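Reading through the C-alpha cells given below for one structure.
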Amino acid sequence: MPNTIKQRRKKLFIFIPLLTLFLYAQACKTTEPPPPEENPPGYQEDIPWPSLADSPWPAWHHDMQSTGRTSIFGPSSVVNIEVITIGIMLRDIVENTNGTLIFQAGYGPAEIIAFSLTQGILWREAIGAEPANAATILFNNDFVIANDLGQTFRKRSDSTTVWEYQNEYKNYTKGISVDLNGNLYFTDAATKLTVLSNDGKLLWSLKDDDIFGSSDQFITFSPDGKTIYLQGRNCALIAVDVESHKILWKYGQNRLWNTPLITNEGYIAIDENTSSTRSLTLLNSKGVIQWQYRYYGVDRNDIEPAIDYNGNIYFGQDTIFSVKINGKLNWALPLDEDNSRTTSIVIDGNNNLYFCAVSLSTVKNYVYSISKSGEKLWVKEIETNQFLGNPIIPSEGILAIPSFNSD
15 MPNTIKQRRK KLFIFIPLLT LFLYAQACKT TEPPPPEENP PGYQEDIPWP
65 SLADSPWPAW HHDMQSTGRT SIFGPSSVVN IEVITIGIML RDIVENTNGT
115 LIFQAGYGPA EIIAFSLTQG ILWREAIGAE PANAATILFN NDFVIANDLG
165 QTFRKRSDST TVWEYQNEYK NYTKGISVDL NGNLYFTDAA TKLTVLSNDG
215 KLLWSLKDDD IFGSSDQFIT FSPDGKTIYL QGRNCALIAV DVESHKILWK
265 YGQNRLWNTP LITNEGYIAI DENTSSTRSL TLLNSKGVIQ WQYRYYGVDR
315 NDIEPAIDYN GNIYFGQDTI FSVKINGKLN WALPLDEDNS RTTSIVIDGN
365 NNLYFCAVSL STVKNYVYSI SKSGEKLWVK EIETNQFLGN PIIPSEGILA
415 IPSFNSD
C-alpha cells in the first residue's frame, strides 16, 4: 500500500509540471497576434513618383498610371459634395499640398484659377482664348499647364511664371505628364510627342501619324518609368521607350478615346471599341492580350476605368462592372433607369467608387457612390443645366466636381 501511494505521488509530481507547461503554451498561443492576412492576387500599392506633389490629387485621374485611386476616404453621404461652377469650366481640377485647387475655366479669355473650398477664388489669371488642359502639380508645388496657343508654362503656386515654352502647334493633352526625373511630356495637333526638361528646354520629340493629337490624350508610364503609353489615332495604343525614344510596339486598329490604366505589375488596361461591342482589354508590357471582357457601350471620352487596392478594375457605362485582375467578373450593377456614366471613376481609401452620370431622357445629372462589393451607397441629383466634370477627392470626406455651366 505505501508503495502504491508513493507511485501515485511520483506520477502527480511529473504530471502537474507537464500540465502547467501545456496550459502556459496554450495561453501563449491565444495571446499571440494572428498572422497577417495575405494580400489578394493583383493587390495594388501606390507607386512612388517623387517628381509629383505629395498632395491628395496632383494630376489628371490622380497619378501617372491613371489609377483614379487615392488613400483618402471619400464622403459617406451626399452632404459633402462640392460642385464648383465658375463661368464655363472645361478642364479638370487638381490640388496642391496647401489644399488649393487649380484649374482652367472660362472662354474668351480662359483663366487659370486658384480656388479654396473654404475661401473661394484666391487668384485668377488670363491664359488664352479657351481652356486647354488640367494642371499637373510638381514636387515643390509648382505646376505646369498649357493654353490653346501652343504655350506651356511652369508656375509657382502664387501664379508667378518660372518659364514658358512656345510650341509650334497647340498642346493637345488632358494634362501634362511628368516622368520620375521631372521631365514633361505632351502631344500636339501635329501628331508629335514633345518632351521638355524640368527647366523648360526641349529634350526630344517623336513624330508619328498614329499619335492621337487630341485633348483626350493623357500619357501614362510603366511602374519603373521606362516606358510611356500614348493613345493612338489609327490604332489603340503606342508604347515608346523613354531612353531610346523609339516606338516599341503598337496595338489595335481603332482610335482610343480613354487613358490607358497601368497596374503595379506593368499590365495595361484599356477600355476600347472592338467591332460592334466595347471591351476592357488587359495587355502585358509587350502589347500581348491577356484577356478581354466584352460589354455593350459606345465610344465616349472622359470615362476612364479605375483600379482599387485589391486589384479590381471598374468600368462600364449604363452598367458598372467589376472584374478581378485575371478578368473574372466580380459583379455587374445596372444604373437607375436610363442613366449612363459620363465621367471617370475615382476610388477612395475604402475602395468605394464615385462618378457622375446623366439621364439620357431627362438630362438630369447624378453623382453615384458604390461600394467595392457592388452595393449602391447613395445617389445624389445635382441641379445644373450642363454636364458634370470628373470628380476628385481633395480632402477627407469631400468630393469636388467641376460643372460645365455657362451661367
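Quick note: to get this note's numbering, add 14 to the position in the sequence shown (first position is 1). Ideal Cβ positions, reconstructed from N, Cα and C, are used throughout, including at glycine. These figures come from a predicted structure and were not determined experimentally.
Measuring straight from C-alpha to C-alpha, what distance separates LEU216 and ARG83? Locating residue 216 in the sequence shown gives position 202, counting from the first residue. Locating residue 83 in the sequence shown gives position 69, counting from the first residue. Rounded to the nearest angstrom, the two C-alpha atoms are 32 Å apart.
Return the bridge partner residues of ARG83 from the DSSP annotation. Position 69 of the sequence shown, counted from the start, is the residue given in the question as residue 83. ARG83 is bridged to ILE361.
Tell me whether PHE401, by its Cβ, gets closer than 8 Å to a heavy atom of the ligand ATP. Ligands are entirely absent from the displayed structure, and the ligand ATP is therefore not among its contents.
Would you call the CB atoms of ILE127 and LEU66 closer than 9 Å? Numbered from 1 along the sequence shown, position 113 holds the residue referred to as residue 127. Numbered from 1 along the sequence shown, position 52 holds the residue referred to as residue 66. No, these two residues do not count as a Cβ contact at 9 Å.
Suppose only complete runs of 3+ residues qualify. What are the beta strand (DSSP E) ranges in the segment 281-339, listed by chain order? 282-288, 291-297, 303-309, 327-330, 333-337
With burial defined as no fewer than 16 other Cβ atoms inside 10 Å of the residue's Cβ, what is the status of TRP218: buried or exposed? As a working mapping, residue 218 is identified with position 204 in the sequence shown. Classification for TRP218: exposed.
Can you look up THR44 in the DSSP assignment and give me helix, strand or coil? The count along the sequence shown starts at 1 and reaches residue 44 at position 30. Only weak support exists for where THR44 lies, its pLDDT of 46 falling under 50; the value from the coordinates is given anyway. Helix, per DSSP.
Would you mind stating whether VAL108 and PRO145 have Cβ atoms separated by less than 9 Å? In the sequence shown, residue 108 corresponds to position 94, counting from 1. In the sequence shown, residue 145 corresponds to position 131, counting from 1. Cβ atoms of VAL108 and PRO145: not closer than 9 Å.
Less than 7 Å between C-beta atoms, sequence neighbours within five positions excluded: which residues of the same chain meet that for SER69? Numbered from 1 along the sequence shown, position 55 holds the residue referred to as residue 69. Excluding positions up to five away in sequence, the list reads GLU109, ASN110, THR111, ILE151.
Let me know the secondary structure DSSP gives VAL393 once reduced to three states. The residue labelled residue 393 in the question sits at position 379 within the sequence shown. VAL393: strand per DSSP, three-state reduction.
Could you tell me whether the Cβ atoms of TRP328 and ALA320 are closer together than 9 Å? On the sequence shown, residue 328 is found 314 positions in, with the first residue counted as 1. On the sequence shown, residue 320 is found 306 positions in, with the first residue counted as 1. With the sequence shown as reference, residue 328 is identified as Tyr, and Trp is not the correct amino acid for it. Yes; because the gap between Cβ atoms is below 9 Å, this pair is in contact.
What is the DSSP secondary structure of ASN94, counted as helix, strand or coil? Numbered from 1 along the sequence shown, position 80 holds the residue referred to as residue 94. DSSP places ASN94 in helix when its eight states are reduced to three.
Can you say whether GLY189 is buried or exposed, counting buried as having 16 or more other CB atoms within 10 angstroms of its CB? As a working note, residue 189 is residue 175 in the sequence shown. Label assigned to GLY189: buried.
Find out if the Cβ-Cβ distance for the pair TRP345, LYS300 is shorter than 9 Å. The residue given as residue 345 occupies position 331 in the sequence shown. The residue given as residue 300 occupies position 286 in the sequence shown. No, the Cβ-Cβ distance between TRP345 and LYS300 is not below 9 Å.
Between ASN326 and ASN272, how many whole angstroms is the CB-CB distance? I'm expecting something under 8 Å. Here residue 326 refers to the residue found at position 312 of the sequence shown. Here residue 272 refers to the residue found at position 258 of the sequence shown. Not really, about 18 Å apart at Cβ, beyond 8 Å.
In this structure, does DSSP put GLY246 in helix, strand or coil? Stepping through the sequence shown from its first residue, residue 246 is reached at position 232. Strand at GLY246.
As a quick exercise: from VAL393, THR356, ALA250, pick the residue whose alpha carbon is nearest that of SER417. On the sequence shown, position 403 is the one that residue 417 refers to. It is THR356 whose Cα lies nearest to the Cα of SER417.
DSSP three-state assignment for GLU139, whether helix, strand or coil: On the sequence shown, residue 139 is found 125 positions in, with the first residue counted as 1. It is a strand residue.
Can you tell me where the beta strand (DSSP E) with TYR199 in it begins and where it stops? Start at 1 with the first residue of the sequence shown, and residue 199 comes out as number 185. Residues 198-201.
Bridge partner(s) assigned by DSSP for LYS221: Along the sequence shown, read from residue 1 onward, the residue named residue 221 stands at position 207. Looking at the DSSP assignment, LYS221 forms a beta bridge with LYS206.
For PHE36 and HIS75, I'd like the C-alpha separation in whole angstroms. For this step, residue 36 is matched to residue 22 along the sequence shown. For this step, residue 75 is matched to residue 61 along the sequence shown. Its pLDDT being 48, under 50, PHE36 is placed unreliably in this model, and the coordinates cannot settle the point.
Leaving aside the five residues before and after GLU59 along the sequence, list all residues of the same chain whose C-beta is less than 8 Å from its C-beta, in chain order. Working through the sequence shown from its first residue, we reach residue 59 at position 45. ASN278, TYR323, listed in sequence order.
Report the rounded CA-to-CA distance for PHE401 versus LYS206, giving the unit in angstroms. Position 387 of the sequence shown holds residue 401. Position 192 of the sequence shown holds residue 206. Answer to the nearest angstrom: the Cα atoms are 31 Å apart.
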